[in-house]
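Residue numbers (our numbering): 1 to 249.
What follows is the structure in structure tokens.
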């Protein structure tokens with residue numbers, strides 16, 4: 001990335017959370033298998049099988065019940081129960097077992113210790129908060145506020161926007177415009193969003209006329225992404241969280 005590239009006139013910076021600020025320790029399927037063994041007494045749980053079921057189920061539910069069911073009259077707990085039911089479909093769990101396991105998993109993932117905070121998050125957020133307004137735009141559920149509190153980063157953000165508390169979700173333009181309104185900025189062009197998903201963060205922010213930085217986990221991932229998506233501006237792709245400090249002035 002050119003050292004001469006800057007994003008100017010940014011008044012508000014918003015962050016995605018999952019795989020940006022916080023990452024699930026060992027990955028979600030690991031904990032699904034662990035908790036099923038522990039609470040349902042099913043010793044032979046195949047973590048790889050759960051993983052292969054999890055991601056298609058997640059995509060399907062996001063189509064059928066986007067925003068954790070905010071407009072389809074189901075709660076976020078019910079949403080996750082549907083996900084658990086499909087993820088464990090090969091184990092022929094009873095409805096009682098599905099309900100029990102989903103409640104346990106939902107509550108377990110509300111615990112801060114299951115999540116790893118990005119090692120650069122505190123330093124970057126502390127510095128940015130001295131100069132800019134900060135917020136969160138995340139397709140997360142009601143547990144997010146508590147998780148950010150547990151990891152001692154909630155204090156940096158003026159607001160937390162999720163589907164359940166604002167009625168919209170990425171990639172909808174409305175959630176970015178809602179953030180701009182909460183930040184009391186004149187235009188979406190004065191907002192920069194930092195995320196890791198091409199569709200939900202990068203392209204969605206661009207469509208909403210926001211600035212955007214796309215975070216990759218390392219330099220190799222960054223190069224692979226740029227090779228695969230040649231329409232993406234490399235100046236807007238970073239592989240080090242600290243780069244945010246150097247780009248936004």
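Positions of the beta carbon are idealized from the N, C-alpha and C atoms, including for glycine.
Item: Residue closest to residue 9, alpha-carbon to alpha-carbon, out of 119, 18, 185, 218; Value: 185
Item: Helix, strand or coil at residue 229 according to DSSP, with G and I counted as helix; Value: coil
Item: Closest residue to residue 41 among 123, 170, 100, 126 (Cα-Cα distance); Value: 100
Item: Any non-hydrogen atom of the ligand SAM within 8 Å of residue 216 CB; Value: Absent from the structure shown: the ligand SAM. Ligands present: none.
Item: Contact check, residue 71 vs residue 167, beta carbons under 9 Å; Value: yes
Item: Helix, strand or coil at residue 23 [DSSP, three-state]; Value: strand
Item: Residue range of the unbroken beta strand (DSSP E) whose run includes residue 117; Value: 115 to 117
Item: Contact check, residue 144 vs residue 162, beta carbons under 9 Å; Value: yes
Item: Beta-carbon proximity of residue 102 to residue 84, cut-off 9 Å; Value: yes
Item: Limits of the unbroken beta strand (DSSP E) element including residue 159; Value: 159 to 161
Item: Contact under 9 Å by Cβ, residue 225 with residue 241; Value: no
Item: From 30, 6, 16, 55, residue whose alpha carbon lies closest to that of residue 125; Value: 16
Item: Other residues of its chain near residue 7: CB distance less than 6 Å, five sequence neighbours each side excluded; Value: 192, 211, 247, 248
Item: For residue 98, three-class secondary structure by DSSP; Value: helix
Item: Cβ-based neighbour list, residue 2, same chain, cut-off 8 Å, excluding 5 preceding and 5 following; Value: Low per-residue confidence applies at residue 2: pLDDT is 45, beneath 50, and the placement is therefore not dependable, though the value from the model is reported in the following sentence. Correct list, in chain order: 235.
Item: The alpha helix (DSSP H) enclosing residue 54, as first and last residue numbers; Value: 47 to 64
Item: Beta bridge counterpart(s) of residue 137 as assigned by DSSP; Value: 161
Item: Endpoints, the beta strand (DSSP E) within which residue 15 is located; Value: 12 to 15
Item: Euclidean distance between Cα positions of residue 49 and residue 25; Value: 19 Å
Item: Sequence-distant residues of the same chain with beta carbon closer than 6 Å to residue 18, five excluded per side; Value: none
Item: DSSP beta-bridge partners of residue 18; Value: 22
Item: Spatial distance of residue 43 from residue 37 (CA atoms); Value: 5 Å
Item: Spatial distance of residue 227 from residue 30 (CA atoms); Value: 31 Å
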